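J.: Just passing along the structure, written as structure tokens.
Residue numbers (the numbering used here), protein chains in the order written: chain A, -17 to 1147; chain B, 153 to 273.
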């Protein structure tokens, strides 16, 4: 029942106020502000409010500064001035600004220093006090303003931000932009233009013919429903209009029709508008006092009742970015902790805006929330992530965010508390009632409802009773089981149903008597309408219909919307006044056009006492004052009786008075301006002075910083030089050593290498950074990777020799790469070419082998000795064998000689050996000598020579065992003596023989023969002895040789027999003489002198008496007769003497007639 | 040739060479000495010295390969003078004959008699 002729009340609201352009800035902002105001036209019709962060201790000169940039009046706000168009208001130090109605109010900060956010505060205040407005964020640090711009956007304002790339400090614009609600981002110059454009389009929009635009708006909402599926038709038109107008300003379109077209042609605009419509602003603990009441009145009893068993279910409707849901969660957790219970808490938070829900689920909020959240709560329920705060997981866990349309989707059930703040205000009353019905359905009996500060549950008093009216907390009334109410947007019919119900309700109530009275009054009394406190029509008198003229659009029951347009304003004012007070009032008659006939209609509005008390009602009477008289103005009517002169004088006086007033005002304003200018100039001067001082200080600081920088620079330079030197040293080192070096990192990638390595691994400079295992190397070795990994693991160097494919040999070393800080950052592999060394080694080995062979194959003993001395002048004390050959041990018979000393080996060696060694070691002159070594029973010929230089005290000795030769020499000497002795002895014997007395009468010839025979016998014996080397003589041979002089031994005259008996030389010589004497005697006188004589010589060992005695028997037979017993001659004496003397034996002689018998017994060996 | 006034001096011949011993005995007897014994070995000579108690002795240095030092000691022990007769040109060995008169073999008769007389006085 909307009156098509009535413009929306929402637009009236905007048109009455002076639009506000709020400018927030901080660091670097003064420059930006000056530029901005320099650029802004002065006739945009807005009031500018500049909010900056000021030091509380210092007076500000910002006002004076800005006054120099613009012709608009600039005021520093210290109290509560009224806002004026084209005026600039500047924040004062240590104050924050809020809008109060038509005034701007400066008040003390509510937050402690450090957590103040004056930009946010003011923006929010603009948003809540004004439906629209502009917010401008300029250069600054921090994130003040970011929350505020959301509020401004939500309220329908337009947000501007300085391009962060231009801003001296980009954080504030960036944070604002990050909220996603900034409409224009531009450099200052561009911003000024945009602000001007938007202001002008706002002006244009303001002057729109709202009644004509209603259809356009409906079309827009219809189109939006088709495009997005969401119906905003039952949202308050003012709200929708405000958002649409905002979009129009942003798009710089000046009428709704054009915007409707634009919406159709630009697909993204529908989404933009949709997003704008959904925008809602929330903050942590918004209306904190209300939250406190909520805690004590609702949450605490709830938790106390439920204990730990049942769960607590809460629904936050229209949660937007989640601040409210988290606030609830925090309150619940705190309360549960206080009561020491841990109930299951489930908070459902729903919204249509998926983007906002995403933010809510993340739980990340800018630092500026510190203004809304206490420090303890921040500490307990948030994690400080430096650039922002994040809600802790325990809090996030109990909040479930869901995309849910409260109008379309079935509600959550069995709830203990529903929080729906600042949603109902956007909705028409009917829709509000429907929603409240729905909430009641979703709530448990006695469940609570928490609404926004401008909302109430009065639209559904049958469902809710209030707990705390100020805090907007209501309790669901207990009712029987109910059916779920129809969802508001499920069908279009449903929308209006509750309205009908409500409209019908009062009609049913009055009793019939009253009705009769009313009917009676109706016939005589002027037409009237009964309305409730909201201006809704309750009842019309029969003839009241002609004063009603419904405008095009949705049906409205509000009287002020449907009454004839000429009466609307008066009615509105009158109704408000009548309902506020108790006095009835009568309006001035207004001219009303009834189909061409103009009648003067006055309204009488009186409050009607209602029976229920709380529900106020009013009766509106339409009083017809008859038709309009003529075209004359009422003024003319009243002054018609005055004379012309007086009338002229009156007019002149009035004109003069007016002129006076005007000129006085002008004068005052001029003086004021001058005063302000003067003050500003003084302040600017002050500012300049302090700036100059600051500059001076800055300059000094810069100088000292410059000096510091120079020092640092010099240091860096010298470091760089060192590094450069080190680098070239390193390069020269690697080149000079020709050692192939390869640096690998921890993953065996090449870091650096030297030219020799390049050939081995086929790598070039391009390959730095690649893995070494990617390359085929030219080594006959496959373990490099394995070894490198082992080195990395064990950190012990590895060394190995390996051969390359071209035959060269390399010593490869792998060592861990240790940085100066002793970290292991890879492996260093070095390759040293050892080919020539190996060749030398091989040759040396061969030569050594040859030498060793030679050394060991010579027969002479060889040894090298280290001679030890007691002191410089003393004799050698000992010497140690440090090298010997194989022959050494052969020549000495010593074992394990090497390493031992002479005194250890042969303790009692003749001391002259050591003396000789010492002498030679000192003098360096070799010596050759022969010397005995009695201790080892040897005799040596030795050649001792120095080895190495004199200080080495080393001598070599080449020696040969000559013991055998020495023995032979001694033997020879002995033989010589013996021979001499024997020859002399023999000659003495010969002398003695020759001196023997002869038998008387012996001639010289006989004597000679005798002598010669005896000498010959001795010679025979000698012959025998010579045969056996003068050792032994055979008895048999001796006998044969002696007898053979006188005939053949074999001719039968002789019989010689006996075993082989060996005689000593002495025995042989004696026996030879004995046998000779016997033989010569036998030849002269015995058997041999006769032809038939026989001779027997027999010998044998004396058995058994003594095996070592021999008995030799001599028997002559058949010789010439023996005469008696002749005296024995010299011969016999010789025999006896010889047997006794020489043989130690005995002789027995028997001279028998048949011949001589002789028996000689003597010992043999 | 013997000294008629005195009893002839009693001489022990220590000589291993039988013929030389017989020669010496003859020579000494011819010069009026009383040869009381002839000993060819060290053992028999030492025995003869103690039992016969000769007035003097002739001593060969080498008796059948043995040194005649024990005999010399025995003689000295009893204060019996002796003359050394040897085929060696000089003393060998380590015992002390230095104070004894020395006759080289083959023996010159006069030299031997003179030295023997000399030791006996």
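Ideal Cβ positions, reconstructed from N, Cα and C, are used throughout, including at glycine. Owing to the predicted nature of the structure, the values given are computational and were not obtained by experimental measurement.
Would residue 518 of chain A be called buried (16 or more neighbouring beta carbons within 10 Å of its own) or exposed?
T.: buried
J.: Taking the alpha-carbon positions, what's the residue 926 of chain A to residue 823 of chain A distance?
T.: 31 Å
J.: Which residue's Cα is closest to the Cα of residue 217 of chain A: A:847, A:782, A:369 and A:404?
T.: A:404
J.: Quick check on the burial criterion: 16 or more other C-beta atoms within 10 angstroms. Buried or exposed for residue 340 of chain A?
T.: exposed
J.: Taking the alpha-carbon positions, what's the residue 195 of chain B to residue 202 of chain B distance?
T.: 11 Å
J.: Looking at the structure shown, is residue 514 of chain A part of a helix, part of a strand, or coil, going by DSSP?
T.: strand
J.: Between the region 951 to 977 of chain A and chain B, which residues of the former have a C-beta closer than 9 Å to a C-beta of the latter?
T.: 959, 962, 963, 964, 965, 966, 967, 969, 970, 971, 972, 973, 974, 975 and 977
J.: Please return the same chain residues whose Cβ sits closer than 7 Å to the Cβ of residue 784 of chain A, not counting the five positions on each side in sequence.
T.: If we look at residue 784 of chain A and ignore the five residues flanking it on each side, its Cβ neighbours are 761, 762, 763, 792 and 794.
J.: Give the interface partners of residue 920 of chain A over in chain B, defined as CB-CB distance under 8 Å, in chain order.
T.: Ordered by position in chain B, no residue passes the 8 Å Cβ test against residue 920 of chain A, which lies about 24 Å from the chain.
J.: Quick one: Cα of residue 721 of chain A to Cα of residue 739 of chain A, how far?
T.: 8 Å
J.: Pull up the distance between the alpha-carbon of residue 1024 of chain A and that of residue 943 of chain A, whole angstroms please.
T.: 47 Å
J.: For residue 759 of chain A, which of helix, strand or coil comes out of DSSP?
T.: coil
J.: List the DSSP bridge partners of residue 722 of chain A.
T.: A:813
J.: Where does the unbroken beta strand (DSSP E) through residue 1099 of chain A begin, and where does it stop?
T.: 1091 to 1099
J.: Determine the extent of the alpha helix (DSSP H) in which residue 1066 of chain A is found, giving its start and end residues.
T.: 1047 to 1067
J.: Which residues bound the alpha helix (DSSP H) around residue 932 of chain A?
T.: Residue 932 of chain A -> no alpha helix (DSSP H), and no H or E assigned at all.
J.: I'd like to know if the region 409 to 417 of chain A and the region 338 to 353 of chain A are in contact, where contact means that at least 3 CB-CB pairs between them fall below 8 Å.
T.: No: fewer than three Cβ pairs fall under 8 Å.
J.: How many Å lie between residue 1116 of chain A and residue 992 of chain A at the Cα?
T.: Distance between the alpha carbons of residue 1116 of chain A and residue 992 of chain A is about 13 Å.
J.: Bridge partners of residue 424 of chain A, per DSSP?
T.: DSSP output for residue 424 of chain A lists no bridge partner at all.
J.: By the three-class DSSP mapping on this structure, what secondary structure does residue 38 of chain A have?
T.: Assignment of residue 38 of chain A by DSSP, reduced to helix, strand and coil, places it in the coil class.
J.: I need the boundaries of the alpha helix (DSSP H) containing residue 900 of chain A, first residue and last residue.
T.: Run containing residue 900 of chain A: 893 to 905, per the alpha helix (DSSP H) assignment.
J.: By the DSSP assignment, the alpha helix (DSSP H) with residue 437 of chain A in it spans what residues?
T.: It is not in any alpha helix (DSSP H) - residue 437 of chain A carries neither H nor E in the DSSP assignment.
J.: Report buried or exposed for residue 258 of chain A, applying the criterion of at least 16 other Cβ atoms within 10 angstroms of its Cβ.
T.: Classification of residue 258 of chain A: buried, given that the 10 Å Cβ count is 16 or more.
J.: Relative to chain B, which residues along the region 1033 to 1054 of chain A have a C-beta separation below 8 Å, given in chain order?
T.: 1048 and 1052
J.: Tell me, which residues are paired with residue 33 of chain A by DSSP?
T.: A:6
J.: For residue 86 of chain A, which residues does DSSP report across the bridge?
T.: A:81
J.: Give the straight-line distance between the Cα atoms of residue 554 of chain A and residue 542 of chain A, rounded to the nearest whole angstrom.
T.: 6 Å
J.: In whole angstroms, what is the alpha-carbon distance linking residue 298 of chain A and residue 727 of chain A?
T.: 58 Å
J.: Going along the chain, which residues of its own chain have a beta-carbon closer than 7 Å to the beta-carbon of residue 186 of chain B, five neighbours each way excluded?
T.: 160, 161, 162 and 163
J.: Closest to residue 1146 of chain A by CA distance: which of A:744, A:813, A:1047 and A:661 is it?
T.: A:1047
J.: Buried or exposed: residue 670 of chain A, going by 16 or more other Cβ atoms within 10 Å of its Cβ?
T.: Around the beta carbon of residue 670 of chain A, a 10 Å sphere encloses fewer than 16 other beta carbons of the protein chains shown; the residue is thus reported as exposed.
J.: According to DSSP, what are the bridge partners of residue 1036 of chain A?
T.: Answer is A:1077, bridged to residue 1036 of chain A.
J.: With 8 Å set as the bound, which would you pick, yes or no: does the beta-carbon of residue 834 of chain A sit closer than that to a beta-carbon of chain B?
T.: no
J.: Quick one, which of A:902, A:666 and A:877 has its alpha-carbon nearest residue 857 of chain A's?
T.: A:902
J.: Any idea what DSSP makes of residue 1152 of chain A, helix, strand or coil?
T.: Here chain A comprises residues numbered -17 to 1147, so residue 1152 of chain A is not present and cannot be evaluated.
J.: Candidates A:43, A:207 and A:90: which alpha carbon is nearest residue 71 of chain A's?
T.: A:43
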